[in-house]
Every structure is written in C-alpha cells, then in structure tokens.
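One structure is given here, and the rest of the page talks about it.
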Amino acid sequence: MSLLQSQKKTNLGMIIPLSLIGVGLIILGIVTTWYILSQNPDDEYSVVPSAVNFPAPELVFNDLSGNKVNLADYRQQIVMINNWATWCPPCKAEMPTLSKYFKAHNQQGFMLFGINAGDPKNDVTKFTNEFQLKFPILLDPNTRALMLFKNDSLPSSYVIDHAGNVVLAWTGPINLEMLERYVTPLLEQ
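Using our numbering, the letters of the sequence shown correspond one by one to residues 3 to 191.
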C-alpha cells in the first residue's frame, strides 16, 4: 500500500465521525433555538431588583403626540420608568407584563412611562400599536435617560417613590411576580 492510499483511507475514516459530530451540533442548535423561542416570557427568569436610593434625574421628553412630559409632575404617584427599544427581544417579551401590571394598578397611584431609547417615531408608534400599549410612551432620541441612569442596558427599569427618589432598579426583563412582590407594597404605603 502506498503512502497516498494510506492517507486516503485515514481521511475517509475521519469523515464519518466528523460528519456525525456536525449533524449532532446542528440538531443541538435547532433544539436550543426552539426551546428559547417557545418560552412564555412570564415563565422565564426575572431579575430581582436592586434596592437603591438616589434622587430621580430630571426627565422631560415628548410623548408620541408631541406633548412635553415632565416626570417630576408625577411625584404624588409611584412612577416606574422602563427604558426599551423596538429591536430588543427582552423588551418585547416584557411589554405584555408591563401593560397588565399598569392596567391593574394605575388606579392605585401607579404610573408607568415607557421611554424609547433612540428608535424613529414611526417605528415606536408601530410597536405601540402592535403591542396595544396603554401606558404613556416617551421618545428619547438621544438616549438621555440611559445616560442619566448610567446604564446602557435594555430593558432597564426604575421605580421612583413619592419623595422623588429612585428606590428600585432592574436591568433585564421583569415578570409579573417581581412587580407584585416589589412594586405593589410601595403602592400600599
């Protein structure tokens, strides 16, 4: 047997195991993708908020109708700020939860503002309609809110108490259980 024939036999012997490994990795990728996409966002892990205490930054933005909204005007309420973007999958996943919580608690002195981080107004309007959002959406074309909170992660959320202090901070998606556990007691004070 020549050296060339020996190398061909060795190469053929490696093709089958490498092919099986490749097929296995493809199947693993498909199963992982399916699992991730099939999860209900409210069943997923939700980040526990950090207890913080600092004065809320001055936030004045336009809503989708072009009206200026100053969050300081809502000091008599518990205010939640949610920084989000239309292209952010975790932001999309938590929107139904935020809407549900807002609907259940806005008559108890709870106010939620979704602050969009830099998307064009048309995209934000389309997103708002698609998700049937009923809480106010504010436009932040220069991502000023993210800079003021010193956090460039999306989604990120902050709860401001009656005294105008940020008392809870989340980075990552929120589920209904976390909102009920950490925000609802503030409404009852």
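Ideal placement from N, C-alpha and C gives every residue a C-beta, glycine not left out.
Compute the Euclidean distance between the alpha carbons of residue i and residue j, then round it to the nearest angstrom.
i: A119; j: N85; result: 6 Å
i: P43; j: S101; result: Here P43 scores only 47 on pLDDT, less than 50, and its place in the model should not be relied on; the value that follows carries that caveat. So the two alpha carbons sit approximately 13 Å from each other.
i: T130; j: N124; result: 10 Å
i: E190; j: A106; result: 14 Å
i: N144; j: D121; result: 9 Å
i: P51; j: A95; result: 18 Å
i: I23; j: N69; result: 58 Å
i: S159; j: I32; result: 32 Å
Figure out for me which residue from the options has the closest Cα to the Cα of residue i.
i: N177; options: T99, G116, Q109, A165; result: T99
i: L66; options: V81, P92, Q109, T127; result: T127
i: M149; options: K105, I117, K136, I139; result: I117
i: T186; options: G111, P138, A171; result: G111
i: P138; options: G68, D125, F151, L114; result: L114
i: V81; options: D125, Q109, A95; result: Q109
i: Y76; options: L61, G68, N144; result: L61
i: R146; options: I83, I28, L22, V49; result: I83
CB-CB under 8 Å to residue i, same chain, minus the five flanking residues each way: which ones, in chain order?
i: V169; result: A53, V54, N55, V161, I162, D163, L188
i: I18; result: none
For residue i, which residues in the same chain have their Cβ closer than 7 Å to its Cβ, ignoring the five residues on either side in sequence?
i: N153; result: T173
i: W89; result: none
i: C93; result: W86, A87, L156, P157
i: F63; result: V71, I117, L140, L141, D142
i: N135; result: Note that residue 135 corresponds to Leu in the displayed sequence, not to Asn. Excluding residues within five positions, the ones whose Cβ falls inside 7 Å are M97, S101, G116.
i: Y184; result: P51, L170
Beta-carbon within less than 6 Å of residue i's beta-carbon, same chain only, minus the 5 sequence neighbours each way: which residues are those?
i: F133; result: M97
i: A58; result: I162, G166, V168
i: L181; result: Y103
i: D45; result: At D45, the pLDDT of 46 sits below 50, so the modelled position is not reliable and the matter cannot be decided from this model.
i: V2; result: In this structure the chain extends from 3 to 191, so residue 2 is not present and cannot be described.
i: I29; result: none
Start-end ranges of the alpha helix (DSSP H) lying completely within the segment 107-152, minimum 4 residues: Taking 4 residues as the minimum length, the alpha helix (DSSP H) runs contained wholly in the segment 107-152 are 123-132, 146-150, in order along the chain.
What residue ranges within the segment 41-82 form continuous beta strand (DSSP E) runs of no fewer than 3 residues, ordered along the chain? 52-57, 62-65, 70-72
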